[in-house]
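Enquirer:
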Amino acid sequence: MEIPVLVEPVASRGFRARSGEPLGLTAEGATREEALRKLRELVQSKVAGGELTLLEVGPFSHPWDRFVGKWSPDDPFIAEWEKEVEKYRREVDEDPNIP
Numbered sequence: 033m034e035i036p037v038l039v040e041p042v043a044s045r046g047f048r049a050r051s052g053e054p055l056g057l058t059a060e061g062a063t064r065e066e067a068l069r070k071l072r073e074l075v076q077s078k079v080a081g082g083e084l085t086l087l088e089v090g091p092f093s094h095p096w097d098r099f100v101g102k103w104s105p106d107d108p109f110i111a112e113w114e115k116e117v118e119k120y121r122r123e124v125d126e127d128p129n130i131p
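Those letters in the sequence shown? Residues 33 to 131, per my numbering, in order.
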């Protein structure tokens, strides 16, 4: 298993190695290698009694999903509305007084 780790110098104390979530562990050492070794030990200790796994959650449902696809593209009212929106956008894009 490989995890991303941030290694950074710590003023007058050596180095700090930090892992992200879901582990959220930090170790310090006099050298970069020592900080990484200590972090590796912490990670091994943390996952020894459990497991890292992925959890699938159902598809995302947005409250507005029920409105999607309600307008027929063949509806003359909708076609006219889309045409007017496009016309307005062109006017705004071409107007030099609008930033």
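The C-beta atom is built at its ideal place from N, Cα and C for all residues, glycine as well. Here the structure is a predicted model, which means the values were calculated and not measured.
What is the C-beta distance between L74 and A62, in whole angstroms, given that I count them as a contact (C-beta under 8 Å)?
Expert: For this step, residue 74 is matched to residue 42 along the sequence shown. For this step, residue 62 is matched to residue 30 along the sequence shown. With 8 Å as the limit, L74 and A62 do not qualify as a contact, their Cβ atoms being about 17 Å apart.
Enquirer: Looking at the structure shown, is A2 part of a helix, part of a strand, or coil, going by DSSP?
Expert: Since the first residue shown for the chain is 33 and the last is 131, residue 2 is missing from the structure and cannot be characterised.
Enquirer: Quick test of your reading: L68 and V39, contact by CB under 8 Å. State the CB separation rounded to the nearest angstrom.
Expert: On the sequence shown, residue 68 is found 36 positions in, with the first residue counted as 1. On the sequence shown, residue 39 is found 7 positions in, with the first residue counted as 1. Between V39 and L68 the Cβ distance is about 7 Å, and since that is below 8 Å, they are a contact.
Enquirer: Grab the span of the beta strand (DSSP E) containing R50 for me, first residue to last.
Expert: One-based indexing of the sequence shown puts residue 50 at position 18. 46-51 is the span of the beta strand (DSSP E), which, as asked, contains R50.
Enquirer: Where in the region 79-131 do unbroken runs of the beta strand (DSSP E), each at least 3 residues long, occur, reported from the N-terminal end onward?
Expert: None, since the region 79-131 contains no complete beta strand (DSSP E) of that length.
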